[in-house]
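What follows is a short report on a single structure.
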Amino acid sequence: MSDDALDDLIQMVLVEQYEATQAGKLSHWTVYHRPGDWPDGYIARRFEVGGGTGVAVATKSNLAGGDSALSMLRQVFEAAGLVCLTRSPEDHESVVETWM
């Protein structure tokens, strides 16, 4: 992946995080490996919590790639200033980690 493409992904994550914060919502990205609806590798899906419900709601935002995409996803989230939370034993087996 080119540096420009990587910079574009980082910028997109930063904008999405900022917009969620401005709307009073907490945004997080959960990384999955080969979930049922994405058998081609890794996908990171963005969720928002807000509005007093405490329920995470999926957004339309995602970043995806093949089996080698995990390092790229981590690089994007780290560069955007997010922090990695390791998976919980209760998580679905396809969950790798969550970034907030």
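The numbering used here numbers the first residue of the sequence shown as 3 and each following residue consecutively.
Note that beta-carbon positions come from the ideal geometry of N, C-alpha and C, so glycine has one too.
_Between H35 and S96, how many whole angstroms is the CB-CB distance? I'm expecting something under 8 Å._
Within the sequence shown, the letter at position 33 stands for residue 35. Within the sequence shown, the letter at position 94 stands for residue 96. Yes, they are in contact, since the Cβ atoms of H35 and S96 sit about 6 Å apart, within 8 Å.
_Beta-carbon gap between L28 and V51 smaller than 8 Å_ = Position 26 of the sequence shown holds residue 28. Position 49 of the sequence shown holds residue 51. Yes; because the gap between Cβ atoms is below 8 Å, this pair is in contact.
*Who pairs with T23 in a beta bridge, going by DSSP?*
The residue given as residue 23 occupies position 21 in the sequence shown. T23 is not bridged to any residue.
*asked:* On the CB-based measure, 16 or more other CB atoms within 10 Å of its CB, does T55 come out buried or exposed?
replied: Taking the sequence shown and counting its residues from 1, one reaches residue 55 at position 53. T55 comes out exposed.
*Exposed or buried, what is E32 when buried is set at 16 or more other beta-carbons lying within 10 Å of its beta-carbon?*
In the sequence shown, residue 32 corresponds to position 30, counting from 1. Checking the sequence, you will find Thr at residue 32 rather than Glu. It is buried - the Cβ of T32 has at least 16 other Cβ atoms within 10 Å.
_Residue burial classification, V15 (beta-carbon count within 10 angstroms, cutoff 16)_ = For the purposes of this step, residue 15 is identified with residue 13 of the sequence shown, where counting begins at 1. V15 is buried by the Cβ-count criterion.
*By how many angstroms is the C-alpha of L11 removed from the C-alpha of E18?*
Reading the sequence shown from its first residue, position 16 is the one you call residue 18. Reading the sequence shown from its first residue, position 9 is the one you call residue 11. Cα to Cα, E18 sits roughly 11 Å from L11.
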